[in-house]
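In our numbering, the protein residues as written are 286 to 476. Heads up, the beta-carbon is just placed ideally off N, CA and C, and yes, glycines get one too. All values derive from a computational prediction rather than experimental measurement. Just below is one structure, and these are the notes that go with it.
Below is the structure:
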């Protein structure tokens, strides 16, 4: 960023810390000790771009992740974002994080890092409730998201579960301190 940009109040968006996801396996252990189970599903949400380079990048990512034995699926949500969902047959936190990280680094390496929005790693709670740890690329922080119901039309959150999870994993991952940034991600794969 140059002097002129500084004087005009323009700033560059922060670069995503893609390696922050590697803290999730430790958080998964803490959650497991509290009765949560890894679902083996993770996803990356991003804005799509036009053109052959982006389409080729997506295809290459799907082939790369599929070589790990995971199932890969593209899902477009009602808000116009794309989710690349990764499902493992045998849930493994390190392997799932590696697959999700491969999606992130492949998009970033192809010049689409500003298109990255968030990643999710899915869990099931002690009473069977679904929950995900959500990583916000632009903030470099995590937060838990727990829908109160499995019905897509019932858009209510289980705030008590989210706060409980925050307490469990706060020592393992960087938690987003601003609760207003704990956005609802209705329609995310696995939730």
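Taking C-alpha positions only, residue 340 is separated from residue 349 by approximately 14 Å. C-alpha of residue 358 to C-alpha of residue 389: approximately 15 Å in a straight line. When only Cα atoms are considered, residue 374 and residue 361 end up about 23 Å apart.
Residue burial annotation: residue 411 is exposed, with fewer than 16 other C-beta atoms found within 10 angstroms of its C-beta. Judged by their CB atoms, residue 392 and residue 331 are nearer to each other than the 8 Å cut-off. Per DSSP, reduced to three states, the secondary structure at residue 461 is coil, with no helix or strand assignment. In the DSSP assignment, residue 384 falls within the unbroken alpha helix (DSSP H) covering 378-394. From the listed residues 457, 465, 456, 400, the smallest Cα separation to residue 430 is found for 465.
Residue 372 sits buried, since 16 or more C-beta atoms from the chains shown fall within 10 Å of its C-beta. Rounded to whole angstroms, the gap between the alpha carbons of residue 408 and residue 370 is 14 Å. In this structure residue 404 is buried. Its beta-carbon is surrounded by 16 or more other beta-carbon atoms within 10 angstroms.
If you look at residue 310, you'll find it in the alpha helix (DSSP H) that goes 309-318. Within the same chain, Cβ atoms closer than 8 Å to the Cβ of residue 324 are found at 376, 407, 408, 409, 415, 475, the five residues on either side in sequence being excluded.
For residue 463, the closest C-alpha among the options 440, 442, 424 is that of 424.
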